[in-house]
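In my numbering, the protein residues as written are 35 to 324. By construction, the Cβ of each residue, glycine as well, lies at the ideal position given by its N, Cα and C atoms.
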């Protein structure tokens with residue numbers, strides 16, 4: 035019997051196989067149903083196209099980590115070795131960022147934007163996962179805002195996924211001299227911080243993203259949704275580590291320029307575009323050709 039089309043598949047005009055249906059139904063039942071469907075469809079598509087390195091990008095709170103966890107589960111269901119790396123785990127240590135803040139610009143003390151990751155370590159880890167053997171992968175604890183050690187992953191992967199808010203972003207083609215929010219106006223009046231971020235995106239980050247075989251973009255409804263979802267995430271953290279609403283607004287301003295650019299450009303260039311509504315549900319899905 036043919037598996038009835040899953041609602042998410044219908045959005046993309048896909049007819050899932052029985053194997054995809056079984057994979058979807060076997061994924062974590064407590065996870066969002068539409069993300070379970072998406073994970074099964076993605077891994078099946080990557081297997082059929084011999085895709086080995088994938089990027090998953092999207093605004094904060096878009097569900098990248100949830101999708102990544104389900105992708106690993108779906109890989110096991112398809113007997114494929116899939117590893118997911120979060121670009122967040124490759125942040126520079128607190129001490130390294132504080133040195134950047136002293137030497138270049140104070141805003142570089144805040145993790146998040148391009149220029150605050152150890153891109154050399156990220157590229158080395160991505161390469162190592164393609165080879166046999168154990169691979170040390172850093173772990174970053176946002177509660178203490180620094181790297182807290184390494185965990186061991188098994189190499190010789192079939193598919194490695196890199197997820198992160200800025201994955202797939204491109205540098206600005208236009209001038210970034212004019213500020214777009216209070217953070218830039220009040221704390222980067224001369225544009226040095228944003229120019230440093232753009233330079234990183236144009237060089238080391240571009241090399242990482244150029245190595246991706248496929249790109250999945252989780253398209254958030256807009257910056258207001260990002261702020262709201264981020265505030266929801268804060269409510270789940272320990273009280274002493276939570277940001278206030280004002281703190282969330284300021285934090286999101288660090289990401290605003292590149293998030294807006296990604297919303298404007300990636301729907302036309304990503305291989306898979308997942309449109310999210312204000313309720314965090316998948317409202318649209320497009321599978322392109324790689």
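- Exposed unless 16 or more other CB atoms sit within 10 angstroms - verdict on residue 313: Its Cβ having fewer than 16 others within 10 Å, residue 313 is exposed.
- Item | Backbone secondary structure at residue 166 - three-state DSSP | coil
- Item | Under the three-state DSSP convention, the category residue 102 falls into | helix
- Contacts around residue 214, its chain only, beta-carbon distance under 7 Å, and the 5 residues preceding and following it disregarded: Annotation for residue 214: 290 and 291 place their beta carbon closer than 7 Å to its own, counting only its chain and skipping 5 residues before and after.
- Item | Sufficient close CB pairs (3 or more, under 8 Å) joining the stretch 102-110 to the stretch 191-202 | yes
- Should residue 149 and residue 156 be called a contact, given that it needs their Cβ atoms to be closer than 8 Å? no
- Item | Beta-carbon contacts of residue 315 that lie in its chain and below 7 Å, excluding the five residues immediately before and after | 68
- Item | Status (buried if at least 16 other CB within 10 Å, exposed otherwise) for residue 237 | exposed
- Message: Between which residues of its own chain and residue 232 is the CB-CB distance below 7 Å, once the five residues before and five after are set aside?
- Response: 205, 206 and 210
- Query: DSSP state of residue 115, grouped into three classes?
  - Reply: coil
- Where residue 281 falls, given that 16 or more other Cβ within 10 Å makes a residue buried: exposed
- Message: Along the chain, where does the beta strand (DSSP E) containing residue 188 start, and where does it finish?
- Response: 180-188
- Query: Got a sec? Which residues, its chain only, sit under 7 Å from residue 104 by beta carbon, not counting five neighbours each side?
  - Reply: So the qualifying residues of the chain are 61, 62, 65, 69, 70 and 73.
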